[in-house]
Each structure stands twice: as C-alpha cells, then as structure tokens.
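Novice:
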Amino acid sequence: MVSPFAPHIGEECWSLLGHGESLAYHPWVEFDEALCIDNTVKMGVQVNGKKKGEIEIPK
-1 MVSPFAPHIG
9 EECWSLLGHG
19 ESLAYHPWVE
29 FDEALCIDNT
39 VKMGVQVNGK
49 KKGEIEIPK
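For the sequence shown, counting from 1, position 7 maps to 5 in the working numbering; every step adds exactly one.
1) Measure the beta-carbon distance from isoleucine 55 to valine 43 and round it to whole angstroms, keeping in mind my assumption that it falls under 8 Å.
2) Going by DSSP, what residue range makes up the beta strand (DSSP E) through glycine 18?
3) Anyone know if the C-beta pair for serine 20 and glutamate 9 falls short of 9 Å?
4) Beta strand (DSSP E) containing methionine 41: first to last residue?
5) Could you tell me the alpha carbon to alpha carbon distance between histidine 24 and methionine 41, rounded to whole angstroms?
6) Can the beta-carbon of aspartate 30 be found closer than 9 Å to that of lysine 57?
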C-alpha cells in the first residue's frame, strides 16, 4: 500500500520480498467483506476493580 505514496520505496520492498515483476503492473487487492468480520469479542477481566487481563469469547 506504500507504492502510490512512495513508489521507489514500494518497488524496493517488493523486490526484497522476492517478486520478479514490477509492483506497478501487479493488480490491486480485491475487497473481501468476510475478512472484516470478527468471530470473537475481547472482554477485560477485572479483580477488585483492577484490570488483570483479557479473554476472547466467540460471538
């Protein structure tokens, strides 16, 4: 996502990751709404009013 703002750095990082072709010719990522939905909720655990940790609970 850095390529539109800093194309030279984007190309350098892309080549360091081992990709042969230029990043400018690579297609944009497609939006997938299923990846944006969380199946768990984080809840804080308190003892005597003090936060002691977090647990994840399925929805």
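All C-beta atoms in this analysis are idealised placements derived from N, C-alpha and C, irrespective of residue type, glycine included.
Predicted model, so just to flag it, every value in this text is computed and none were measured.
Specialist: Let me lay it out:
1) Not quite, the Cβ-Cβ distance comes to about 11 Å (not below 8 Å), so this is no contact.
2) No beta strand (DSSP E) holds glycine 18; DSSP gives it neither H nor E.
3) Their beta carbons are under 9 Å apart, which means serine 20 touches glutamate 9 by this criterion.
4) If you look at methionine 41, you'll find it in the beta strand (DSSP E) that goes 38 to 45.
5) One C-alpha to the other measures close to 40 Å.
6) In this structure, the beta-carbon distance from aspartate 30 to lysine 57 does not fall below 9 Å.
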